[in-house]
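In the UniProt record's numbering, the protein residues as written are 1 to 258.
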């Protein structure tokens, strides 16, 4: 009689177990871990309930204890999983695990650089002419200087007459400029330039040994002259008495150190 009462219960448990196993396998293959846990919890709750109902009115044995344990485990599992599903926000469309946002820490305004021991390079103004510094003015005439036919001038001289001497009296002397036969001659060469020519203009001018004739030596004409001591001078003709003398203003720069 007892086996007849237990048989329907066994059949019911067997059918429920088969359905639960199939559902668990399908869910495991097609669902997430949370869904699997819910299915297992439902199965445990269902099996425990059926076992507890089947044991109603009978002495408490291990099957009753297992039924209670199954009910409690299934209920707890379902509660935990469902609670997490409600609290945890669903991932955004597009799939994938939500990536926690990170806030970039702003770097300091100043970026540390390795200390260097090199000395700062001073900034200097390059000279207008490569390798040649602009020297100071050595001497400027306060009135026109007269250069007479057959005489020479020493533009490096500090004398009031600018070292004017007859060429015949000192042929080998320091002769920077002389007037002879309607020509201006310079042993170290001279170059026609503009009246306001600078030191740089004189350095880069095109030099020759002499200039000749009233067309080149008329009033207002200017020349750069190289002196015997390495200076540069600029002379500007103010008046000409052809074949007699030439009046000119003179500016001499300090000798070049280059």
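Note that CB positions come from ideal geometry on N, CA and C, so glycine has one too.
Just mark residue i as buried or exposed, buried being the case when its beta carbon has 16 or more other beta carbons within 10 Å.
i           : result
residue 262 : What the structure shows of the chain is the stretch from 1 to 258, and residue 262 is not part of that stretch, so it cannot be assessed.
residue 151 : buried
residue 177 : buried
residue 163 : buried
residue 145 : buried
residue 156 : buried
residue 160 : exposed
residue 54  : buried
residue 212 : exposed
Between the options, which lies nearest to residue i when the distance is taken from Cα to Cα?
i           : options            : result
residue 153 : 254, 226, 243      : 226
residue 140 : 244, 234, 188, 239 : 234
residue 191 : 236, 247, 144      : 236
residue 197 : 185, 224, 188, 183 : 224
residue 248 : 242, 232, 219      : 219
residue 181 : 251, 164, 246, 253 : 246
residue 265 : 228, 241, 232, 189 : The requested residue 265 is not part of the displayed model; the chain covers only 1 to 258.
residue 239 : 148, 188, 156      : 148
residue 228 : 189, 244, 49       : 189
residue 254 : 134, 173, 59       : 134
residue 193 : 183, 79, 222       : 222
residue 209 : 230, 187, 199, 83  : 187
residue 137 : 173, 183, 200, 83  : 200
residue 183 : 243, 42, 59        : 243
residue 195 : 79, 49, 179, 251   : 251
residue 174 : 50, 230, 49        : 230
Report the three-state DSSP secondary structure of residue i (helix, strand or coil).
i           : result
residue 169 : coil
residue 137 : strand
residue 155 : coil
residue 229 : coil
residue 201 : helix
What first and last residue would you give for the beta strand (DSSP E) that runs through residue i?
i           : result
residue 183 : 183 to 193
residue 216 : Taken as a continuous stretch (DSSP letters only), residue 216 belongs to no beta strand (DSSP E), being part of the alpha helix (DSSP H) at 214 to 217.
residue 245 : 245 to 253
residue 179 : 177 to 180
residue 146 : 145 to 148
Does residue i get closer than 7 Å to chain D when you measure Cβ to Cβ?
i           : result
residue 140 : No chain D appears in the structure shown, which is made up of a single protein chain.
Point to revise | Sufficient close CB pairs (3 or more, under 8 Å) joining the stretch 154 to 174 to the stretch 193 to 208 | key: Fewer than three Cβ pairs drawn from the stretch 154 to 174 and the stretch 193 to 208 lie within less than 8 Å of each other, which leaves the two stretches out of contact.
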